[in-house]
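Participant: Chains as they are written, first to last, in the working numbering: chain C, 3 to 266; chain X, 47 to 364.
Even for Gly, the Cβ is constructed at its ideal location relative to N, Cα and C.
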């Protein structure tokens with residue numbers, strides 16, 4: 003555990019540079035700015051009922067916070083977990099420590115989760131306060147929990163993609179997110195149940211203030227499941243563990259050396 | 047395998063796609079100090095990466111201290127590795143870097159800090175250890191790299207070009223440090239392409255080129271290997287012309303020249319493939335012809351001459 007603690011503390015210290023803190027703040031500010039824009043530029047003449055307004059705000063904040071804010075935050079931290087060590091040629095020092103790769107990836111995973119979640123929580127606090135809806139505590143708690151689950155799942159997923167394709171980690175992570183999470187995740191077929199988005203969406207409908215009438219619309223029948231929240235959490239955690247274990251196995255099995263061709 | 051064996055390669059080949067890293071290497075090295083010599087691209091780094099388990103052999107087996115090095119935490123506790131490249135985190139201090147790696151080794155923070163401080167002192171890095179690595183000179187970086195390799199007191203130290211970038215004083219200090227390390231009975235393998243670096247530390251070495259181990263053993267053993275390959279031999283005696291004539295008459299030399307050395311002496315320079323036969327004939331010539339031999343030596347008696355000759359043999363030039 004000394005090794006895990008060391009990686010976690012060191013990676014967090016690294017995150018406290020001016021540039022990285024700026025990024026973290028930008029991630030937290032993103033949903034807040036959009037909320038302010040919607041509130042400022044929204045069409046107040048076109049009155050809609052409260053239930054629909056609440057559902058619309060719930061969907062918007064869900065898309066902005068556990069969706070964009072968390073996914074982007076963990077993309078920046080988890081995807082280059084392997085690549086950054088290879089690029090700065092520090093891999094050899096870490097790989098020649100007892101279980102060094104295991105502790106490195108686990109530590110970076112925890113940093114990614116905490117980095118993404120804290121940015122999301124800050125964004126949630128301000129966005130919920132600014133959206134002007136009632137049931138703010140419910141929204142706050144639900145979005146915070148969804149952000150945490152989203153950060154865990156996407157950190158593990160991006161770590162796996164980053165371990166498989168270290169040279170273009172971020173590009174492949176983006177491609178995976180768009181193709182699998184967004185496209186496949188929205189296809190009304192069994193395949194969408196294999197995505198993180200499907201589970202998060204179901205939790206979102208279960209936890210957030212949401213118009214019950216909308217749940218009956220056919221599209222919602224296919225892109226989420228009428229299941230218990232416990233089962234969705236179970237599947238999300240299971241998927242995350244699988245992704246993380248796979249990332250560690252891939253990193254162990256691959257022959258990453260910092261040697262260049264000339265170093266043969 | 048005996049626990050006295052530090053390194054064992056059994057028919058090890060490593061291919062990078064179609065590029066050969068090392069080629070069918072079989073060797074067994076008891077615990078001790080070894081120099082791994084070879085030009086750039088010879089396969090030294092591949093060999094070290096195989097030893098540290100970062101690479102998996104395409105064919106054959108590697109054992110280090112009796113263990114498979116690939117993903118083996120038990121072995122990683124017992125070895126220290128100093129790579130040939132830098133790769134340290136530039137934004138933190140040398141002390142923090144060594145502490146971080148000791149913590150990854152499993153030490154608690156306090157113990158890691160104490161060990162790191164001791165080690166930084168040992169490598170002469172007390173003054174700069176709190177500064178960020180980015181501000182270090184090449185020599186300071188080398189010392190820090192060495193500190194992280196020896197800080198957990200490994201049984202086997204694997205060093206890739208450890209003296210590269212050090213100034214003469216630093217080089218001498220580091221050589222002393224490594225000599226002390228060897229004197230404590232710990233094993234060490236040092237890769238270098240600078241011969242005198244190795245000569246100052248050990249007389250046991252491996253010569254590697256083109257992914258093959260060309261020769262191994264002590265300097266004397268390799269000299270024996272070379273005894274019957276073309277060599278230039280300098281002979282100082284009382285009758286240079288007579289000695290030259292004797293070797294040519296006996297067809298033991300391809301050519302014989304009389305040359306004046308920088309010190310004003312005259313010597314016979316023989317180009318011969320039969321050095322061992324010449325040496326066996328000398329007592330007879332001394333007895334029969336009254337020759338007095340004062341000195342016999344090869345043109346360059348350093349490791350460099352061995353290395354150059356082996357390279358020529360390997361390339362088919364000899």
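Taking Cβ-Cβ distances shorter than 8 angstroms, what residues in chain C pair up with residue 177 of chain X?
Facilitator: Within the second chain, the letter at position 131 stands for residue 177 of chain X. None at all; the shortest Cβ gap to chain C is about 16 angstroms.
Participant: In chain order, what residues of the same chain lie with their CB nearer than 6 angstroms to the CB of residue 71 of chain X, ignoring the 5 residues before and after it?
Facilitator: Position 25 of the second chain, counting from 1, holds the residue named residue 71 of chain X. Counting only Cβ-Cβ distances below 6 angstroms, and skipping sequence neighbours, we find 55, 58, 259.
Participant: Do you know offhand how far residue 122 of chain X's Cα is from residue 149 of chain X's?
Facilitator: The residue labelled residue 122 of chain X in the question sits at position 76 within the second chain. The residue labelled residue 149 of chain X in the question sits at position 103 within the second chain. About 13 angstroms.
Participant: Where does residue 247 of chain X fall in DSSP's three states?
Facilitator: Position 201 of the second chain, counted from the start, is the residue given in the question as residue 247 of chain X. Reduced to three states, the DSSP call for residue 247 of chain X is coil.
Participant: Hey, would you say the C-beta of residue 79 of chain X is under 8 angstroms away from at least one heavy atom of the ligand COA?
Facilitator: The model depicted lacks the ligand COA and carries no ligand whatsoever.
Participant: Using a C-beta to C-beta distance shorter than 7 angstroms, which residues of chain C count as neighbours of residue 146 of chain X?
Facilitator: As a working mapping, residue 146 of chain X is identified with position 100 in the second chain. Correct list: 8, 12.
Participant: Roughly how many angstroms separate the alpha carbons of residue 300 of chain X and residue 217 of chain X, rounded to a whole number?
Facilitator: Here residue 300 of chain X refers to the residue found at position 254 of the second chain. Here residue 217 of chain X refers to the residue found at position 171 of the second chain. Using only the alpha carbons, I get a separation of about 42 angstroms.
Participant: Is the Cβ of residue 85 of chain X closer than 9 angstroms to any Cβ of chain C?
Facilitator: Position 39 of the second chain, counted from the start, is the residue given in the question as residue 85 of chain X. No, residue 85 of chain X lies away from the interface with chain C (no Cβ there is under 9 angstroms from its Cβ).
Participant: Take residue 191 of chain X and list the residues in its own chain whose beta-carbon comes closer than 8 angstroms to its own, dropping the five residues that flank it on each side.
Facilitator: Translated into the one-based positions of the second chain, residue 191 of chain X becomes position 145. Hits under 8 angstroms: 128, 129, 132, 134, 208.
Participant: Assuming residue 236 of chain X contacts residue 281 of chain X (C-beta within less than 8 angstroms), just tell me the rounded distance between them.
Facilitator: Locating residue 236 of chain X in the second chain gives position 190, counting from the first residue. Locating residue 281 of chain X in the second chain gives position 235, counting from the first residue. No, residue 236 of chain X and residue 281 of chain X are not in contact; Cβ-Cβ is about 35 angstroms, not under 8 angstroms.
Participant: Please give me, in chain order, every unbroken run of the alpha helix (DSSP H) with length at least 4 that falls completely inside the region 6-70 of chain C.
Facilitator: For the region 6-70 of chain C, whole alpha helix (DSSP H) runs of length 4 or above, ordered along the chain, are 20-43, 52-64.
Participant: By Cβ distance below 7 angstroms, which residues in the same chain neighbour residue 54 of chain C in space, the five residues on each side in sequence not counted?
Facilitator: For the purposes of this step, residue 54 of chain C is taken as the residue at position 52 of the first chain. Same-chain partners within the cutoff: 213.
Participant: Could you please tell me which residues of the region 81-95 of chain C, in chain order, have their CB closer than 9 angstroms to any CB of chain X?
Facilitator: So the close ones are 87, 90, 91, 92, 93, 94, 95.
Participant: Can you name the residues of chain X whose CB is closer than 9 angstroms to the CB of residue 79 of chain C?
Facilitator: On the first chain, position 77 is the one that residue 79 of chain C refers to. The premise fails here: residue 79 of chain C is roughly 16 angstroms from chain X at the closest Cβ pair, so nothing lies under 9 angstroms.
Participant: Does the pairing of the region 129-146 of chain C with the region 94-105 of chain C give three or more beta-carbon distances under 8 angstroms?
Facilitator: Contact between the region 129-146 of chain C and the region 94-105 of chain C is absent, because fewer than three Cβ pairs lie under 8 angstroms.
Participant: Rank X:250, X:311, X:125 by C-alpha distance to the C-alpha of residue 199 of chain X and give the top, closest one.
Facilitator: Translated into the one-based positions of the second chain, residue 199 of chain X becomes position 153. If we check each option's Cα against that of residue 199 of chain X, X:125 comes out closest.
Participant: Using a threshold of 9 angstroms, state whether the C-beta atoms of residue 111 of chain C and residue 80 of chain C are closer than that.
Facilitator: Counted from its first residue, the first chain places residue 111 of chain C at position 109. Counted from its first residue, the first chain places residue 80 of chain C at position 78. Against a cut-off of 9 angstroms, the Cβ pair of residue 80 of chain C and residue 111 of chain C comes out as a contact.
Participant: Residues in its own chain within less than 7 angstroms of residue 234 of chain C by CB, not counting five upstream and five downstream?
Facilitator: The sequence position of residue 234 of chain C within the first chain is 232, counting from 1. Taken in chain order, the residues that qualify are 201, 204, 205.
Participant: Less than 9 angstroms between CB atoms is the rule here; does residue 326 of chain X satisfy it with respect to chain C?
Facilitator: If you number the second chain from 1, residue 326 of chain X lands on position 280. No, because no Cβ of chain C sits closer than 9 angstroms to the Cβ of residue 326 of chain X.
Participant: Helix, strand or coil: which one does DSSP assign to residue 298 of chain X?
Facilitator: By one-based count along the second chain, residue 298 of chain X stands at place 252. Here residue 298 of chain X sits in coil by DSSP.
Participant: Quick one: is residue 64 of chain X buried, meaning 16 or more other Cβ sit within 10 Å of its Cβ, or exposed?
Facilitator: To locate residue 64 of chain X, count along the second chain from 1; it is residue 18. Result: exposed.
Participant: Under the three-state reduction of DSSP, which class applies to residue 232 of chain C: helix, strand or coil?
Facilitator: For this step, residue 232 of chain C is matched to residue 230 along the first chain. Note: residue 232 of chain C maps to helix in three-state DSSP.
Participant: Any C-beta of chain C within less than 7 angstroms: which residues of the region 67-91 of chain X qualify?
Facilitator: From the region 67-91 of chain X, only 67, 86, 87, 89, 91 have a Cβ closer than 7 angstroms to chain C.
Participant: Output yes if chain C places a C-beta closer than 9 angstroms to the C-beta of residue 336 of chain X; else output no.
Facilitator: The count along the second chain starts at 1 and reaches residue 336 of chain X at position 290. No, residue 336 of chain X does not count as interfacial toward chain C.
Participant: Relative to the C-alpha of residue 181 of chain X, which candidate in X:220, X:167, X:136 has its C-alpha closest?
Facilitator: Numbered from 1 along the second chain, position 135 holds the residue referred to as residue 181 of chain X. For residue 181 of chain X, the nearest C-alpha among the options comes from X:136.
Participant: For residue 98 of chain X, return the contacting residues in chain C, with the cut-off set at a CB-CB distance below 7 angstroms.
Facilitator: Residue mapping note: residue 98 of chain X aligns to position 52 of the second chain, counting from 1. What residue 98 of chain X touches in chain C: 98.
Participant: Determine the DSSP secondary structure at residue 178 of chain X, reduced to helix, strand or coil.
Facilitator: Walking along the second chain from the start, residue 178 of chain X turns up at place 132. Correct three-state label for residue 178 of chain X: strand.
Participant: Applying the 10 Å Cβ sphere with the 16-neighbour rule, what's the burial state of residue 313 of chain X?
Facilitator: Counting from 1 along the second chain, the entry for residue 313 of chain X is found at position 267. When all chains shown are included, residue 313 of chain X counts as buried.
Participant: To the nearest angstrom, report how far apart residue 4 of chain C and residue 179 of chain C are at their CA atoms.
Facilitator: Numbered from its first residue, the first chain carries residue 4 of chain C at position 2. Numbered from its first residue, the first chain carries residue 179 of chain C at position 177. Roughly 34 angstroms separates the two Cα atoms.
Participant: Give the secondary structure of residue 64 of chain X by DSSP, where H, G and I count as helix, E and B as strand, and everything else as coil.
Facilitator: Residue mapping note: residue 64 of chain X aligns to position 18 of the second chain, counting from 1. Coil.
Participant: Could you tell me if residue 226 of chain X is buried or exposed, where buried requires 16 or more neighbouring beta carbons within 10 angstroms of its beta carbon?
Facilitator: Position 180 of the second chain, counted from the first residue, corresponds to residue 226 of chain X. Residue 226 of chain X should be labelled exposed.
Participant: Three or more beta-carbon pairs under 8 angstroms between the region 246-259 of chain X and the region 277-294 of chain X, yes or no?
Facilitator: As far as the Cβ criterion goes, the region 246-259 of chain X does not touch the region 277-294 of chain X, which means the pair count is below three.
Participant: Out of X:93, X:355, X:323, X:201, which has the shortest C-alpha to C-alpha gap to residue 73 of chain X?
Facilitator: Residue numbering aside, residue 73 of chain X sits at position 27 when the second chain is read from its first letter. Per the Cα distances, X:93.
Participant: Hey, how far is the Cα of residue 115 of chain C from the Cα of residue 172 of chain C?
Facilitator: Taking the first chain and counting its residues from 1, one reaches residue 115 of chain C at position 113. Taking the first chain and counting its residues from 1, one reaches residue 172 of chain C at position 170. So the two alpha carbons sit approximately 17 angstroms from each other.
Participant: Run down chain X in chain order and give the residues with a C-beta less than 8 angstroms from the C-beta of residue 102 of chain C.
Facilitator: On the first chain, position 100 is the one that residue 102 of chain C refers to. Neighbours of residue 102 of chain C on chain X, chain order: 122, 150.
Participant: Report buried or exposed for residue 230 of chain X, applying the criterion of at least 16 other Cβ atoms within 10 angstroms of its Cβ.
Facilitator: Here the question's residue 230 of chain X lines up with position 184 in the second chain. By the neighbour-count rule (16 or more Cβ atoms within 10 Å), residue 230 of chain X is not buried but exposed.
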